[in-house]
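Engineer: Sequential numbering from 29 applies to the sequence shown in our numbering. Glycine included, C-beta positions come from ideal geometry on N, C-alpha and C. Handing you a structure now.
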Amino acid sequence: VWGAPLIVAQADVKAAHDWVQRNRHIDALLWKGIDPALIAAFHNGYVGVRSTLEIPDGSVSAPFDINRGLRQGDPESSHHFSDILKHVMNDTVCTWQREGIGFKVPGNNVCINHTCIADNIILFASSPQQMSDMLSDLS
29 VWGAPLIVAQ
39 ADVKAAHDWV
49 QRNRHIDALL
59 WKGIDPALIA
69 AFHNGYVGVR
79 STLEIPDGSV
89 SAPFDINRGL
99 RQGDPESSHH
109 FSDILKHVMN
119 DTVCTWQREG
129 IGFKVPGNNV
139 CINHTCIADN
149 IILFASSPQQ
159 MSDMLSDLS
């Protein structure tokens, strides 16, 4: 791209929406500067959520609480998960920026190293070794 090497990798956070801990979500929204009253109102929709499972023979499980995760299919869930990823990755990304790790746009003083889209992290590097190091930083 623009005569410079560009290495791209995508990491999918497996089962991401199902495993979000609610306190991590709250931390990420506070970090982003969202009003605590709005966060509380949003999370009230998750309080007391219960479910059951029906198996093929028609029997139904006892009700159980759902204490983690974001609602899949909710138009806001992908935004919330991106906020969580950005919050969790903040220290690593700051290090990458400080050290100039990522794709350096020629003729510019811009270095692009990642983007988060829902439960996907897309990394940009200037060399295969740099990409390997970035992937190691995330593991």
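1. Tell me where the alpha helix (DSSP H) around Ala56 begins and ends.
2. Tell me which residues share the same chain as Lys132 and place their Cβ nearer than 7 Å to its Cβ, disregarding the 5 neighbours each side in the sequence.
3. Ala69: which of Arg78, Trp59, Ile54 sits nearest, CA to CA?
4. Quickly, what does DSSP pair Arg78 with across the bridge? List them, please.
5. Is it buried or exposed, His108, if we count other Cβ atoms within 10 angstroms and call 16 or more buried?
6. So the candidates are Pro156, Ile145, Asn118, Ala146; which of them puts its Cα closest to the Cα of Gly130?
7. Note the first and the last residue of the continuous alpha helix (DSSP H) segment covering Ile150.
8. Going along the chain, which residues of its own chain have a beta-carbon closer than 8 Å to the beta-carbon of Ile145, five neighbours each way excluded?
9. Comparing C-alpha positions only, which one of Pro84, Gly128, Ala90, Leu58 sits nearest to Val116?
10. With a Cβ-Cβ cutoff of 7 Å, do Ile112 and Gln38 count as a contact?
11. What is the rounded straight-line gap between the Cα of Trp30 and the Cα of Phe152?
12. If distances are taken between C-alpha atoms only, which option among Leu66, Met162, Gly76, Tyr74 comes closest to Cys122?
13. Going by DSSP, what residues sit across from Phe131 in a beta bridge?
Structural biologist: According to the data block:
1. Here the question's residue 56 lines up with position 28 in the sequence shown. Unbroken alpha helix (DSSP H) run through Ala56: 50-60.
2. Working through the sequence shown from its first residue, we reach residue 132 at position 104. Taken in chain order, the residues that qualify are Ala32, Cys139, Ser154.
3. For the purposes of this step, residue 69 is identified with residue 41 of the sequence shown, where counting begins at 1. The residue with the shortest Cα to Cα distance from Ala69 is Ile54.
4. As a first step, residue 78 must be located in the sequence shown, where it is residue number 50. Beta-bridge analysis with DSSP links Arg78 to Asp93.
5. By one-based count along the sequence shown, residue 108 stands at place 80. By the neighbour-count definition (other C-beta atoms within 10 Å, threshold 16), His108 is a buried residue.
6. Reading the sequence shown from its first residue, position 102 is the one you call residue 130. That would be Pro156, whose Cα lies nearest to the Cα of Gly130.
7. Within the sequence shown, the letter at position 122 stands for residue 150. Not the alpha helix (DSSP H): Ile150 falls in the beta strand (DSSP E), residues 148-153.
8. Here residue 145 refers to the residue found at position 117 when the sequence shown is read from its first residue. Once the five neighbours on either side are set aside, the close Cβ partners of Ile145 are Ser106, Ser110.
9. Position 88 of the sequence shown holds residue 116. Answer by Cα proximity: Leu58.
10. Here residue 112 corresponds to residue number 84 of the sequence shown, with the count starting at 1. Here residue 38 corresponds to residue number 10 of the sequence shown, with the count starting at 1. Contact flag unset, no.
11. Counting from one through the sequence shown, the residue named residue 30 turns up at place 2. Counting from one through the sequence shown, the residue named residue 152 turns up at place 124. Roughly 14 Å between the two C-alpha positions.
12. The residue given as residue 122 occupies position 94 in the sequence shown. Taking only the C-alpha atoms, the option nearest Cys122 is Met162.
13. One-based indexing of the sequence shown puts residue 131 at position 103. DSSP output for Phe131 lists Ile140 as bridge partner(s).
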